[in-house]
Every structure is written in structure tokens, then in C-alpha cells.
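Have a look at the structure below, then the notes.
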Amino acid sequence: VRPRDLATLELPLVLDAIATLARSTAGQHLVRALHPRTDPTAVAARLDLLAEVLDRTARHAAAPTADVVLLEPLLTAANPTGAALEARQLANLRDFLEVARHVRIWILRDPDDTPHLRELSTPLGGARGLAGSLNRALDTRGLVRDDASPALERVRTLLRNLQGQIEAKLMRLVRDPNLRHVIGDDY
Numbered sequence: 030v031r032p033r034d035l036a037t038l039e040l041p042l043v044l045d046a047i048a049t050l051a052r053s054t055a056g057q058h059l060v061r062a063l064h065p066r067t068d069p070t071a072v073a074a075r076l077d078l079l080a081e082v083l084d085r086t087a088r089h090a091a092a093p094t095a096d097v098v099l100l101e102p103l104l105t106a107a108n109p110t111g112a113a114l115e116a117r118q119l120a121n122l123r124d125f126l127e128v129a130r131h132v133r134i135w136i137l138r139d140p141d142d143t144p145h146l147r148e149l150s151t152p153l154g155g156a157r158g159l160a161g162s163l164n165r166a167l168d169t170r171g172l173v174r175d176d177a178s179p180a181l182e183r184v185r186t187l188l189r190n191l192q193g194q195i196e197a198k199l200m201r202l203v204r205d206p207n208l209r210h211v212i213g214d215d216y
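Note that the numbering used here has the sequence shown beginning at 30, numbered continuously upward.
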């Protein structure tokens, strides 16, 4: 299908209208990126999947999705060897995996009557270990918790103690009358 044909058929406008119904920014992005399929087998498979989703939604309510970020940029950022995600990215990944877990539960509620959905849920189960690790290691803001590991807890406790000692020592120096000529009003 040629791009000008899609423009003539106003597909971008249709996709924009559908995207406004998406629950998340990621969903909106994915809807706008859709392109017509020309393979009859692929079209039939997508229609079967859609029928399962609509049937499941009618019987059990909509899938428990939320406003999640796009996964691709997170994976791209984490891809280079030795790369580390920032705190917000780790929190976004954790949140994405939590939504994926809830969607997988929703899919597997009646797995026998939704073979296409069940097939989609298989990769979602593989991230359980990562999701659990992120939940144990990160606080609500995505920062690594003090108790993420015993070694980290010891180091952070030591740092807090040292910081307290340094602050106490600085306060003694600032208040020392013998050092008033050295320490000005700026301290």
C-alpha cells in the first residue's frame, strides 16, 4: 500500500481518532504506528485475536492496563554492554512489568477459550524474576532501597553515620570562638 493511498483514505486521521481512546501514551503511539496488513492469514489471525479480546472484555471487563511508558526506549537504553538505567527508567520498567503481570492474569483467567490471547501471554510470564527483583530493590520513586542488599545497607548506614559526624564536627568548628576570625559570616 502506497503512503499517498493511505493519506487519500485518511488513515492517519482514523488512527488519530482511535488513538484518543487508548488508555496510555504508549497505546496511543502504537495505534498511530499501525499499518494495513495485506497477508490474509495475518489479517485473519489479528481479527481472531480482536474477537477474543472483545469477548473477554464483554464477559470480564477490560484488560487491567494503565498508563505505561513505551518499552522499546527502555530496552534501547539498557542494551549497550555495561549500560545502567536511571532511577526513573527503572521505576518505569518496574511499573510496565507490573501492568504486564496483571494483563497476563487477566488473559489466563479462562485460557482454554482464548488461544490467541494465551499465546500472547507466554512472553509476559518470563519477566517474573526481573519484576520481583525490581520490586524488592526499588522504592516508589525508583531509587534503590537501602535494604536492597545487606552490603548496600551497611554502606548506606556507614555513610549516614559519617555524614552525621561530619556535620557535628563542622558545627563545633563554626561555633568555636577561637575560629571566628577564620570563619566569616558566610558560614
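Each residue gets a CB set at the ideal place from its N, CA and C atoms; glycine is no exception.
CB contact flag (residue i, residue j, <7 Å)
{"i": "F125", "j": "V82", "result": "no"}
{"i": "W135", "j": "P102", "result": "no"}
{"i": "T171", "j": "R117", "result": "Here residue 171 is Gly; the residue named in the question, Thr, does not match the sequence. Going by C-beta atoms, G171 is nearer than 7 Å to R117."}
{"i": "V24", "j": "A95", "result": "There is no way to answer for residue 24, as the model of the chain reaches only from 30 to 216."}
{"i": "R123", "j": "L191", "result": "no"}
{"i": "P65", "j": "V43", "result": "no"}
{"i": "D176", "j": "R185", "result": "no"}
Residues that residue i bridges to, as DSSP identifies them
{"i": "L167", "result": "V173"}
8 Å Cβ shell around residue i - same chain, five flanking residues per side excluded
{"i": "L78", "result": "H145, L146 and L149"}
{"i": "P109", "result": "none"}
{"i": "T49", "result": "Q57"}
Option nearest residue i by Cα separation, candidates the options
{"i": "A113", "options": "V173, A36, I195 and I47", "result": "V173"}
{"i": "E115", "options": "V60, L163 and L42", "result": "L163"}
{"i": "A62", "options": "V203, P41, D34 and A160", "result": "P41"}
{"i": "D84", "options": "L38, I195, D45 and T143", "result": "T143"}
{"i": "R88", "options": "R138, R33 and R157", "result": "R138"}
{"i": "T29", "options": "H210, N121 and P32", "result": "No answer is possible for residue 29: the residues shown for the chain start at 30 and end at 216."}
Contacts around residue i, its chain only, beta-carbon distance under 7 Å, and the 5 residues preceding and following it disregarded
{"i": "L99", "result": "A55 and H58"}
{"i": "A106", "result": "A112, L114 and Q118"}
{"i": "L208", "result": "L202"}
Residue-level contact to chain D via CB, residue i, 7 Å cutoff
{"i": "L163", "result": "Given the protein chain composition of this structure (a single chain), no chain D is represented."}
Sequence-distant residues of its chain with Cβ nearer than 6 Å to residue i (five each side left out)
{"i": "Y216", "result": "At Y216 the pLDDT is 49, less than 50, meaning the model places this residue with poor confidence; the figure from the coordinates comes in the next sentence. For Y216, where only same-chain residues beyond five positions count, the Cβ hits under 6 Å are V203."}
Local Cβ density within 10 Å of residue i, reported as buried at 16 or more and exposed below that
{"i": "A180", "result": "exposed"}
{"i": "R165", "result": "exposed"}
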